[in-house]
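Student:
Residue numbers (the working numbering), protein chains in the order written: chain A, 32 to 394; chain B, 32 to 394.
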């Protein structure tokens, strides 16, 4: 690291303890069985995307770009199907700056929703959306700079206000947990393109058939777009959706003011919108969301998003839909960050999701 | 894609068939059992890396980089431990332009070494090396351009000479296989740093304990470096290692001429080199490697690397080591590309690896 020549940059040695690897699998509380995960199959594939074909003729001796192709903008998917799987699989989709890790081992080394719902008998598909993680081959150029930003995410993800953790936050104080949490971040390669992203995910449903989409944060908005594109999305569970709430053109609410900037709804034709009234949708938000506007933008943005989600619920349901918004502290589940599914109480959070799936006959 | 403004670029619609998803798991020929994979645990973590700490004081209201950190240059690891696992796990490491997908589902939708060796009772760790795939957070800036290059890889990876497949090549002619193959490529983010890369992998062995390292191509050279750093690497299986063969300083052979450019050995102190004589090492190369220099650089480079591997074997073994070089066609296994472990005959290739592990009491 010294070769960076940045003398004012302090390099911290990273001590990786060996204590996190021994994940407990005595899991009767997690789901089924004897602590073992029994899979009928697992694998990975790319889905969606496009191909750039350069004009000219390929010359194997010079190997210039002439006449060569470039496949990019696909999603990458890793899937596991347990033995005797339930009918509908779960398709898990990460949020901004994140990848499939969101659903895997938690920052403090416990099982995430991938394992928890495999144990509960669901097929599990984990997406890396186009231009992220293992789907890094982007058809547009990218410049990526190592700009320190983690204390900002610590706040925006509502772990606390750096360097303080929120009182009662469901996040381990072990420094190694924070190390793992920060290393869950991976860059976007080449910008966001909603059509590319939701197009690839729609093609995933074409390939696997009917399923339940589980979104987080930024993928919340992409998830609504995917459901508009593909009726094989039979339900959506959305953890803390951010921007991109879609309304009938004439029913877009006024922007909601926030110290993180105004939050706007997106207008679409009523006929399109009506597709979202055909499937059960549940939205969860965690704790530490202020009731009134405050001047900490990382935290205040979630107040605006929760308010927008409630407005959206009311409009979808007015048109015959089935949207539920759950603010977890209101049902007694406290201390959750922006990542309820990997927080210390994630079994309790998973139980809520299981309850929803059961109520809607989706399990 | 039109927004690229490259009017001469032709965009091909990508049709993803649904036929590849039904991986057969009637696997008595693959390994053990009833077609099911039974896991005691699985999970993921980051390992190694460094931290940039910006000077100044973090302000949660402005969220400028002042006083913020940036964790990067770690490896990302996904692991699975089967029930009643053998003592030593296998650590699988991808090659250039690739990621963990190398070992997962093959381009034509069959099981890769991840599943094959899980079924054979080994714990399996899949690495994304620092600055690649899910380990995309690089401490150095990167500029990534979508430059068409796939026909070049088709040749360098010895599938054929575009647009022709080599006669008898162990690669599916299904266009979807080629689509998946090209989408296994993902960019390097920020350049190669051997110390960063082998440092992270050495830390992985510190964390998990003794294991067997399985490298491919570019990671062949990084693998020797990892074994020099960490005695917990108890054996190496290397598929088609490329550059980076290390010799005692006074025994570095003359560069080997090739139409892909001269191939050079790397000198290190004898005392360091001797560490590589303490573990069993096996190296495999596939088919379509010319016996004499030819003017197709993609193919000819492998002639030079195979020759260098044999020189290296002789020097290591002269110093008391245990290196075997297997040129697969010479033992009657024909048609293999640069990716023998995912070729159509990958069960046969896996059987060779199992035989080696058994002979060396590593299973």
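We treat Cβ as the ideally placed atom computed from N, Cα and C, and that holds for glycine. Since this is a predicted model, take the numbers as computed values, not measurements.
Determine whether the beta carbon atoms of residue 354/A and residue 312/A lie at a separation below 9 Å.
Tutor: Cβ distance < 9 Å, so residue 354/A and residue 312/A count as in contact.
Student: Verify whether the separation of the beta carbon atoms of residue 128/A and residue 220/B is less than 9 Å.
Tutor: Result no, Cβ atoms of residue 128/A and residue 220/B do not sit closer than 9 Å.
Student: Does the region 156 to 175 of chain B come into contact with the region 79 to 89 of chain A, if we say contact requires no fewer than three beta-carbon pairs (one atom in each stretch) closer than 8 Å?
Tutor: Touching, no, given that fewer than three Cβ pairs across the two stretches are closer than 8 Å.
Student: By a C-beta neighbour count over all protein chains shown, 10 Å radius and 16 as the cutoff for buried, is residue 269/A buried or exposed?
Tutor: Looking at its Cβ environment, which holds 16 or more other Cβ atoms inside 10 Å, residue 269/A is buried.
Student: From the DSSP output, which residues share a beta bridge with residue 113/A?
Tutor: According to DSSP, which records beta bridges pairwise, residue 113/A is partnered with 70/A.
Student: Where DSSP assigns a beta bridge to residue 159/B, which residues make up the other side?
Tutor: Residue 159/B is bridged to 107/B.
Student: Count the other CB atoms, across all protein chains shown, that sit within 10 Å of the CB of residue 112/A; report buried if there are 16 or more and exposed otherwise.
Tutor: Buried: at least 16 other Cβ atoms inside 10 Å.
Student: So who's on the other strand from residue 124/A, going by DSSP bridges?
Tutor: Looking at the DSSP assignment, residue 124/A forms a beta bridge with 158/A.
Student: Distance check for residue 90/A and residue 391/A, CA to CA, integer angstroms please.
Tutor: Residue 391/A and residue 90/A: Cα-Cα distance of roughly 58 Å.
Student: Interface residues of chain A around residue 67/B at Cβ under 8 Å?
Tutor: In chain order: 69, 70, 71, 114.
Student: Going by DSSP in three states, residue 353/A sits in which element: helix, strand or coil?
Tutor: Looking at residue 353/A - three-state DSSP - the assignment turns out to be strand.
Student: What are the residues that DSSP puts in a beta bridge with residue 246/A?
Tutor: Paired residues: 269/A.
Student: If you drop the 5 nearest sequence neighbours on each side, which residues of the same chain put their C-beta closer than 6 Å to that of residue 126/B?
Tutor: Once the five neighbours on either side are set aside, the close Cβ partners of residue 126/B are 247, 248, 249, 250.
Student: Assign residue 226/B to buried or exposed, taking buried as 16 or more other Cβ atoms, counted over all protein chains shown, within 10 Å of its Cβ.
Tutor: Under this definition residue 226/B is an exposed residue.
Student: Using DSSP with H/G/I as helix, E/B as strand and the rest coil, what is residue 348/A?
Tutor: Residue 348/A: helix per DSSP, three-state reduction.
Student: Can you give the Cα-Cα distance for residue 387/A and residue 356/A, rounded to whole angstroms?
Tutor: Distance between the alpha carbons of residue 387/A and residue 356/A is about 12 Å.
Student: Does any residue of chain B bring its CB to less than 9 Å from the CB of residue 102/A?
Tutor: Yes - at least one Cβ of chain B is within 9 Å of the one on residue 102/A.
Student: On a CA-only basis, which of 383/A, 373/A, 382/A, 229/A is nearest residue 203/A? Give me that one, please.
Tutor: Comparing Cα-Cα distances from residue 203/A to each of 383/A, 373/A, 382/A, 229/A, the minimum goes to 373/A.
Student: Pairs of beta-carbons, one from the region 179 to 187 of chain B and one from the region 135 to 154 of chain B, closer than 8 Å: are there three or more?
Tutor: Flag = no, the region 179 to 187 of chain B and the region 135 to 154 of chain B do not touch.
Student: Within 10 angstroms of the Cβ of residue 262/A, are there 16 or more other Cβ atoms? Answer buried if so, exposed if not.
Tutor: With fewer than 16 Cβ atoms within 10 Å of its Cβ, residue 262/A is classed as exposed.
Student: So residue 291/A and residue 326/A are in contact, right, with Cβ under 8 Å, and what is the actual spacing, rounded?
Tutor: In fact, because the Cβ distance is near 10 Å, the residues do not count as touching under 8 Å.
Student: Which first and last residues belong to the alpha helix (DSSP H) in which residue 228/A is found?
Tutor: Counting along the chain, the alpha helix (DSSP H) containing residue 228/A begins and ends at 225 to 239.
Student: Please list, in chain order, all residues of the same chain as residue 375/A whose beta carbon is under 6 Å from its beta carbon, the five residues on each side excluded.
Tutor: Answer for residue 375/A: 201, listed in chain order.
Student: How many Å lie between residue 304/B and residue 259/B at the Cα?
Tutor: So the two alpha carbons sit approximately 8 Å from each other.
Student: Going by DSSP, what residues sit across from residue 28/A in a beta bridge?
Tutor: Look at the range of chain A in this structure, 32 to 394, and you will see that residue 28/A is not part of it.
Student: Just by C-beta distance, which residues in the region 70 to 99 of chain A are closer than 8 Å to chain B?
Tutor: Hits within the stretch, in order: 70, 71, 72, 73, 74, 75, 76, 77, 78, 79, 80, 81, 82, 83, 84, 85, 86, 89, 91, 92, 94, 96, 98, 99.
Student: Quick one: is residue 323/B buried, meaning 16 or more other Cβ sit within 10 Å of its Cβ, or exposed?
Tutor: With fewer than 16 Cβ atoms within 10 Å of its Cβ, residue 323/B is classed as exposed.
Student: Among 371/A, 209/A, 335/A, which has the Cα closest to the Cα of residue 134/A?
Tutor: Of 371/A, 209/A, 335/A, the residue nearest in Cα terms is 371/A.
Student: Out of 101/B, 157/B, 141/B, 120/B, state which residue places its alpha-carbon closest to the alpha-carbon of residue 109/B.
Tutor: Ranking the options by Cα distance to residue 109/B, first place goes to 157/B.
Student: Please list the partners that residue 147/A has in chain B, where partner means a Cβ-to-Cβ separation under 9 Å.
Tutor: Result: empty, since nearest Cβ-Cβ is about 12 Å, beyond 9 Å.
Student: Determine contact between the region 294 to 302 of chain B and the region 278 to 286 of chain B, defined as no fewer than three beta-carbon pairs at a distance below 8 Å.
Tutor: The region 294 to 302 of chain B vs the region 278 to 286 of chain B: in contact.
Student: Below 8 Å on the Cβ atoms is my guess for residue 104/B versus residue 161/B; work out the distance and round it to an integer in Å.
Tutor: The Cβ separation is near 5 Å, so the contact holds.
Student: Can you list, in chain order, the residues of its chain with a C-beta nearer than 7 Å to that of residue 188/A? Leave out the 5 residues immediately preceding and following it.
Tutor: Closer than 7 Å at the Cβ level, and outside the excluded window around residue 188/A, lie 368, 369, 370.
Student: Please tell me whether residue 107/A has its Cβ less than 9 Å away from any Cβ of chain B.
Tutor: It does: the Cβ of residue 107/A has a partner Cβ on chain B nearer than 9 Å.
Student: For chain A, is any of its Cβ atoms less than 9 Å away from the one on residue 118/B?
Tutor: No, residue 118/B does not count as interfacial toward chain A.
Student: Assign residue 81/A to one of three DSSP states: helix, strand, or coil.
Tutor: Reduced to three states, the DSSP call for residue 81/A is strand.
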